[in-house]
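Single-structure report; data block below.
Residue numbers (our numbering): 346 to 479.
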């Protein structure tokens, strides 16, 4: 009789089983969080570089139409781009400035990218990305 009553009481998980499950979850979370943060940083950098390319294309179209470079980035609104893109930001990606500007030579002066991690990705003049170590 005692043996049957002991078997009926044993329903559920032991403390050791629960600790093992919690340890596995903690390890998975510890791996997932940095991966997620890196993806957000990469997305901000990619969006930034895409914005620069769009603005460069609009500036070149403006120059071909008028023979001059636009005096300010807002001159591109309307016929060349719908709206001036905003500078994207992320937690670890620091961008100087909140908008883009244009120089007298037609070069886009984007916000500079400063990544708190070891590698910075910036946009080259030839349209490719380069990685530099700090």
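Each residue gets a CB set at the ideal place from its N, CA and C atoms; glycine is no exception.
As the structure is a prediction and not an experimental result, all values here were calculated from the model.
Across which residues does DSSP place residue 422 in a beta bridge pair? Indexing the chain shown from 1 puts residue 422 at position 77. DSSP lists 426 as partners of residue 422.
With the cut-off set at 9 Å, would you say residue 422 and residue 410 are in Cβ contact? Numbered from its first residue, the chain shown carries residue 422 at position 77. Numbered from its first residue, the chain shown carries residue 410 at position 65. No. Outside cutoff.
Check residue 449 in the structure and name its three-state DSSP category. Residue mapping note: residue 449 aligns to position 104 of the chain shown, counting from 1. The answer is coil: DSSP assigns residue 449 none of H, G, I, E or B.
Nearest neighbour of residue 428, chosen from 373, 388, 403 [CA to CA]: The residue given as residue 428 occupies position 83 in the chain shown. Among 373, 388, 403, the Cα nearest to that of residue 428 is on 403.
Residues of its chain near residue 420, where Cβ-Cβ distance is below 6 Å and the 5 sequence neighbours each way are ignored: By one-based count along the chain shown, residue 420 stands at place 75. Within its own chain, no residue has a Cβ closer than 6 Å to the Cβ of residue 420 once the five positions on either side in sequence are excluded.
What is the DSSP secondary structure of residue 478, reduced to helix, strand or coil? Indexing the chain shown from 1 puts residue 478 at position 133. Model confidence at residue 478 stands at a pLDDT of 40, short of 50, so the residue's coordinates are unreliable and nothing is read from them.
Determine the contact status of residue 426 and residue 399, defining contact as a CB-CB distance below 9 Å. Stepping through the chain shown from its first residue, residue 426 is reached at position 81. Stepping through the chain shown from its first residue, residue 399 is reached at position 54. With respect to residue 399, residue 426 sits close: the two C-beta atoms are nearer than 9 Å.
Any idea if residue 379 is buried or exposed, counting beta-carbon neighbours within 10 angstroms, 16 or more meaning buried? Along the chain shown, read from residue 1 onward, the residue named residue 379 stands at position 34. Exposure of residue 379 is indicated by the presence of fewer than 16 other C-beta atoms within 10 angstroms of its C-beta.
Write down every uninterrupted run of the alpha helix (DSSP H) in the region 354-411 whose length is 4 residues or greater and which is fully enclosed by it, in chain order. Qualifying alpha helix (DSSP H) stretches, in chain order: 360-411.
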